[in-house]
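Here's the structure we're looking at; comments come further down.
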Amino acid sequence: MKRKVDLIIIGTQKAGTSSLLRLLEQHPRMTPHITGELGFFINDEEYAKGYDKLYTKYFPANVPDNELLIAKNVGIFESKKALERLKQHNPDVKVVVSLRHPVDRAYSAFWYMKSVGAERAEKFEDIMDEDVNERFPGNDFMIRSCDYLKRGMYHHYLQQLETVFDREQILVLDFRLLKKDGVAFCNEIFKFAGIEEFDIENSVRNKSSKIKYVWIASFFGGHNKNFIKKFFSNLLPPQVRLKVKSTIKTWNKTNEPIPKIRPELREELTQRFVEDNELLYRDYGIKF
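In my numbering, the protein residues as written are 519 to 806.
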């Protein structure tokens, strides 16, 4: 029986989760997966193969007993099926959720999907009210990733999360604290995980910018399952695949930052979240 995941960051997308994983791994008692995301619980094909069979794809073979296995996958937050799989995997797992202003998150997610060559719309305004199921019929990955505004209904998804896990297993944090004081943010998680605080070096940042070539981003994007990418994925070890992909992604970035959302549009969209945000503040103490 392979070691189980002890703590997992499940959301939300574009709320600093990748940077957070890199910060947490500085703690001498935390061992993360060696891939960008742990797709096991959200990916039907991987889940069918079984955790023990895929363990070495994600984690080092020998992890000391006093270290915790930590993971991240932001698709789990909205997926009841993935949450139930996680519960079956480890009923005692600790679950971390980082929340960002829902409109800022949606806008950032739109530009992220453009950066990986998946989103082809030129402007966020052009598609924000379109039915994502009609835009990407039958494509679960794109439907999940491009439902920009719905994914900001945090209270709804947190309530769903509590139907699977006890409240004591869930830590909900505000992304603004991560930006302001990454050390304090991480120490909240260390305390939650039951390990000692640690003075991490808060130097990890993911800068958003436009890309040079859409076709390159699209070719290497997670949504693209072309046979060439699949061939090299099977050929190269996970660490090498991640490094190659990261190098290409960095090279394909420009120095041009993504445009800021219009204040009028941000305010208009914020009104759509008033009720959910009020419930979020009432039940979880986070106010947007």
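Quick reminder that beta carbons are idealized off the backbone N, C-alpha and C, glycines included.
Uninterrupted beta strand (DSSP E) stretches at least 3 residues long and entirely within the segment 529 to 587 occur at 548 to 550, given in chain order. With a cutoff of 9 Å on beta-carbon distance, N720 and V701 are scored as near each other. DSSP, read as helix, strand or coil, puts I718 in coil. One alpha carbon belongs to Q678, the other to E774, and they sit about 39 Å apart. In this structure the segment 626 to 644 does not touch the segment 549 to 566; the number of beta carbon pairs closer than 8 Å is below three.
Under the 10 Å beta carbon count, K632 is surrounded by 16 or more other beta carbons and is classified as buried.
Apart from sequence neighbours up to five positions away, the residues of its chain that approach R618 with a beta-carbon distance below 6 Å are A533 and F693, ordered along the chain. Judged by pairs of C-beta atoms under 8 Å, the segment 669 to 676 touches the segment 790 to 800, as three or more such pairs exist. Listed in chain order, the alpha helix (DSSP H) elements of length 4 or more contained wholly in the segment 616 to 686 are 620 to 633, 642 to 645, 650 to 653, 658 to 664 and 672 to 679. In the three-state scheme derived from DSSP, where H, G and I count as helix and E and B as strand, K698 is classed as helix.
Bounds of any beta strand (DSSP E) do not take in V592, whose DSSP letter is neither H nor E. The closest CA to that of S537, considering only E714, T772, C704 and I713, is found on C704. Here P546 is exposed. Its C-beta has fewer than 16 other C-beta atoms within 10 Å. Taking Y573 as the centre and dropping the five residues before and after it, the same chain places the C-beta of K520 closer than 6 Å to its C-beta, in chain order. Ranked by Cα distance from I594, the options D610, F659 and D717 are led by F659. V621 has its alpha-carbon roughly 12 Å from the corresponding atom of E782. Here DSSP, grouped into helix, strand and coil, assigns D801 to helix. Checking the DSSP bridge columns, you'll see D610 has no partner listed. Going by DSSP, R784 is part of the alpha helix (DSSP H) stretching over P781 to T788.
When beta bridges are read from the DSSP output, I688 appears opposite V613. For a cut-off of 8 Å, the C-beta gap from A711 to K590 is around 14 Å, too long to register as a contact.
DSSP places I776 in the coil class of the three-state scheme, outside both helix and strand. With contacts defined by Cβ atoms closer than 9 Å, H551 and F577 form a contacting pair. Looking at the DSSP output, L525 bridges to I588 and K612.
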